[in-house]
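Enquirer: Dropping a structure here in structure tokens format, bear with me for questions.
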Amino acid sequence: MINEYVLQLTGKATLPIEMQMEEAYTVELTGEVISETKVPNQDGTHNILYKFKPIIAVIKDSHGTVAKTKDLRNNSVKFRKSAWKVWADKNLQGDFESFYDYATTKSILLLDKIAEEYISSFKD
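According to our numbering, the residues represented by the sequence shown are 4 to 127, in order.
In structure tokens form, the structure reads like this:
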């Protein structure tokens, strides 16, 4: 029997603002659960511990000032996560690694077109 669901926060964020001691802040986190652990309580029950790693934090102070942290993940990690989401959402046949290899190869082949679009964006 499950006694409690526990959220453990892990990781860090680079802040765009200075924070003050004894100031009240509201923090909104966007991130992902990176592990789930069943922890026995020695009484026949157990807790489920979810380890949560923030990707982006939005911080609001008591004066209403809002600051947003940057997503510090590498672009390659973002690309892989995006590819996995597309693969899962579209329920594609085959394993993810095959799709990821295909998506990476196609992206490399499109770099000339992307470069042309990038150059055009400066002409406007």
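We put the beta carbon where it would ideally sit given N, CA and C, even for glycine.
(1) Determine the direct distance from the alpha carbon of ILE111 to that of GLU85, and round the result to whole angstroms.
(2) What does a CB cutoff of less than 8 Å around THR13 pick up in its chain, not counting 5 residues either side in sequence?
(3) Which one of ILE51, TYR28, GLU31 has the shortest CA to CA distance from GLU39?
(4) Quick one: grab the DSSP three-state call for ASN6.
(5) Roughly how many angstroms lie between the CA atoms of THR29 and GLN23, to the nearest whole one?
(6) On the CB-based measure, 16 or more other CB atoms within 10 Å of its CB, does THR72 come out buried or exposed?
(7) Taking only the alpha-carbon atoms, compute the straight-line gap between ILE58 and ASN78 and give it to the nearest angstrom.
(8) What residues in its chain sit with their C-beta under 6 Å from that of VAL61, if we drop five residues either side in the sequence?
(9) Pick helix, strand or coil for GLU31, following the three-state DSSP scheme.
Expert: In terms of the structure at hand:
(1) As a working note, residue 85 is residue 82 in the sequence shown. As a working note, residue 111 is residue 108 in the sequence shown. Contrary to the premise, residue 85 reads as Ser rather than Glu in this sequence. Cα to Cα, the separation comes out at about 16 Å.
(2) Here residue 13 refers to the residue found at position 10 of the sequence shown. Only residues of its own chain outside the window of five on either side were considered, and among them ILE37, LYS54, PHE55, LYS56 have a CB closer than 8 Å to the CB of THR13, listed in chain order.
(3) The sequence position of residue 39 within the sequence shown is 36, counting from 1. Closest by C-alpha distance to GLU39, out of ILE51, TYR28, GLU31, is ILE51.
(4) As a working note, residue 6 is residue 3 in the sequence shown. In the three-state DSSP reduction, ASN6 falls in the strand class (E or B).
(5) The residue given as residue 29 occupies position 26 in the sequence shown. The residue given as residue 23 occupies position 20 in the sequence shown. In a straight line, the C-alpha of THR29 is about 13 Å away from that of GLN23.
(6) Reading the sequence shown from its first residue, position 69 is the one you call residue 72. With 16 or more other Cβ atoms within 10 Å, it is buried.
(7) In the sequence shown, residue 58 corresponds to position 55, counting from 1. In the sequence shown, residue 78 corresponds to position 75, counting from 1. As the crow flies, the alpha-carbon of ILE58 is around 13 Å from that of ASN78.
(8) Residue numbering aside, residue 61 sits at position 58 when the sequence shown is read from its first letter. Excluding residues within five positions, the ones whose Cβ falls inside 6 Å are GLU31, LYS71.
(9) Taking the sequence shown and counting its residues from 1, the one referred to as residue 31 is at position 28. When secondary structure is reduced to three states using DSSP, GLU31 falls in the strand class.
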